[in-house]
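Worksheet: one structure, shown below.
Numbering (this note's numbering), first residue to last: 593 to 911.
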């Protein structure tokens, strides 16, 4: 039994992570603002802190020791520096939930240009130890972080890598899909459009991207917290998918036919699929496999997720 601190942990696959850790017999402490209710009851400890407010995390965890910390809310280098200062050497390991968006060539990069990435990016193509970060940028000015999400994560990785006093693992998570609790609405978008007969818009010859099932993303984080693995690891199914694959899964679930329309410039179109990429944008997952962690191919789980999401959707419950 280990003591695990989860920063966040109240929505989407963060909740799945907490359930997994508890099922594995670990003691879990949640650190968050306490604004989002959770269903864990007395099974977890709770510490209150808004990680976007300087000093709150440090105060909340003063004197605490954990075998691992999983940071679900690390979006900027400010967040990364704070978690390093807050825990010092009182954590056996820090796992940061990062994102495929660190490889996004189109993400705004003002002062620290990222290298060109392959269509299936590998971890070594982005070395956080060699990437600069700037805690003086206006990360928490309204709208700034949303516009610079990928850059914020890149710099958070860099700051954590260079500031931590304990081992660090950076989990670069692909686009996550789940049947329930998906606040992104990406799969629901396709279900709604197909059921309502509205076209799904895509780029001309849309590219393929990486996906991962929510429970497998959470399972990896639980494994990573207590493994010896460090550095960046891509968290993704071994295959890729495009908007047609997503629509095919929805067609299988609904029995209806998706109307996919390709456009040369679909930017701003309200019907643009969240999974339509102008070119291939994915991640290789060889490193995870080499570490002994294997993910299920998309083709084996996407249809079932679509069926379950359909059953869980508001329209279905109203019928």
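Glycine included, every Cβ here is placed at the ideal spot set by N, Cα and C.
Ends of the beta strand (DSSP E) at residue 690?
Start and end: 686 to 691.
Output yes or no for whether 8 angstroms exceeds the beta carbon distance between residue 794 and residue 852.
Yes.
Since residue 636 is in the beta strand (DSSP E), which residue starts that stretch and which ends it?
Where residue 636 is concerned, the enclosing beta strand (DSSP E) stretches over 636 to 640.
Is residue 854 helix, strand or coil when you go by DSSP?
Strand at residue 854.
Okay, do the stretch 620 to 633 and the stretch 830 to 840 touch, 3+ Cβ pairs below 8 angstroms being the bar?
Contact fails: fewer than three Cβ-Cβ distances are below 8 angstroms.
With C-beta atoms as the reference, is residue 623 less than 8 angstroms away from residue 652?
Yes, these two residues count as a Cβ contact at 8 angstroms.
Have a look at 644, 854, 607 and 737 and flag the residue whose alpha-carbon is nearest the alpha-carbon of residue 628.
It is 607.
May I ask whether a heavy atom of the ligand MN can be found less than 7 angstroms away from the beta carbon of residue 793?
Judged by which ligands are present, the structure shown has none, so any question about the ligand MN falls away.
Are the beta-carbon atoms belonging to residue 667 and residue 745 less than 8 angstroms from one another?
A contact, by the Cβ cut-off of 8 angstroms.
Out of curiosity, what's the CA-to-CA distance linking residue 654 and residue 680?
Straight-line Cα distance between these residues: approximately 10 angstroms.
What is the C-beta distance between residue 682 and residue 656, in whole angstroms, given that I count them as a contact (C-beta under 8 angstroms)?
About 7 angstroms; that satisfies the 8 angstroms criterion.
For residue 854, collect the residues of the same chain with a Cβ closer than 6 angstroms to its Cβ; drop the 5 residues on either side in sequence, then sort them by chain order.
794 and 796, listed in sequence order.
When DSSP builds the beta bridges, which residues end up paired with residue 873?
For residue 873, which the question treats as bridged, DSSP gives the partners 801.
Could you tell me which residues DSSP pairs with residue 624 in its beta bridges?
The partner list for residue 624 (beta bridge, DSSP) reads 640.
Here's the rule I'm using: 16 or more other beta-carbon atoms within 10 Å means buried, otherwise exposed. How should residue 605 be labelled?
That one is buried.
Tell me whether the stretch 746 to 759 and the stretch 683 to 690 touch, counting them as touching only if at least three CB pairs, one residue from each stretch, are closer than 8 angstroms.
Yes, the stretch 746 to 759 is in contact with the stretch 683 to 690.
Give the secondary structure of residue 663 by DSSP, where H, G and I count as helix, E and B as strand, and everything else as coil.
Note: residue 663 maps to strand in three-state DSSP.
Shortest alpha-carbon distance to residue 828 belongs to which of 889, 639 and 735?
Here the closest residue by C-alpha is 889.
Based on Cα-Cα distance, which residue from 697, 773 and 871 lies nearest to residue 603?
Considering only alpha carbons, the answer is 773.
Rounded to whole angstroms, how far is the Cβ of residue 537 from the Cβ of residue 813, which I believe are closer than 8 angstroms?
In the structure displayed, the chain extends from 593 to 911; residue 537 sits before or after that span and is not available.
Answer with buried or exposed for residue 910, where buried requires no fewer than 16 other C-beta atoms within 10 angstroms of its C-beta.
Caution applies to residue 910, whose pLDDT of 46 falls short of 50 and renders its modelled position unreliable; the value that the coordinates give is listed next. Exposed: under 16 other Cβ atoms inside 10 Å.
Would DSSP call residue 645 helix, strand or coil?
The answer is coil: DSSP assigns residue 645 none of H, G, I, E or B.
Mind checking residue 908: buried by the 16 CB within 10 Å criterion, or exposed?
Legend: pLDDT at residue 908 = 49, less than 50; position of this residue unreliable, value from coordinates given subsequently. With fewer than 16 other Cβ atoms within 10 Å, it is exposed.
How is the beta strand (DSSP E) around residue 595 delimited, first residue to last?
Unbroken beta strand (DSSP E) run through residue 595: 595 to 599.
Grouping DSSP H, G and I as helix and E and B as strand, with all else coil, what is residue 785?
Residue 785: helix per DSSP, three-state reduction.
Please determine, among 778, 729, 735 and 597, the residue with the shortest C-alpha to C-alpha distance to residue 665.
Taking only the C-alpha atoms, the option nearest residue 665 is 597.
Which of the three DSSP states is assigned to residue 603 in this structure?
Looking at residue 603 - three-state DSSP - the assignment turns out to be coil, as it is neither helix nor strand.
What's the call for residue 811, buried or exposed, on a 16-neighbour Cβ count within 10 Å?
By the neighbour-count rule (16 or more Cβ atoms within 10 Å), residue 811 is buried.
For residue 764 versus residue 673, is the C-beta spacing smaller than 8 angstroms?
Against a cut-off of 8 angstroms, the Cβ pair of residue 673 and residue 764 comes out as no contact.
Excluding the 5 residues flanking residue 677 on each side, which residues of the same chain have their C-beta closer than 7 angstroms to its C-beta?
Excluding positions up to five away in sequence, the list reads 650.
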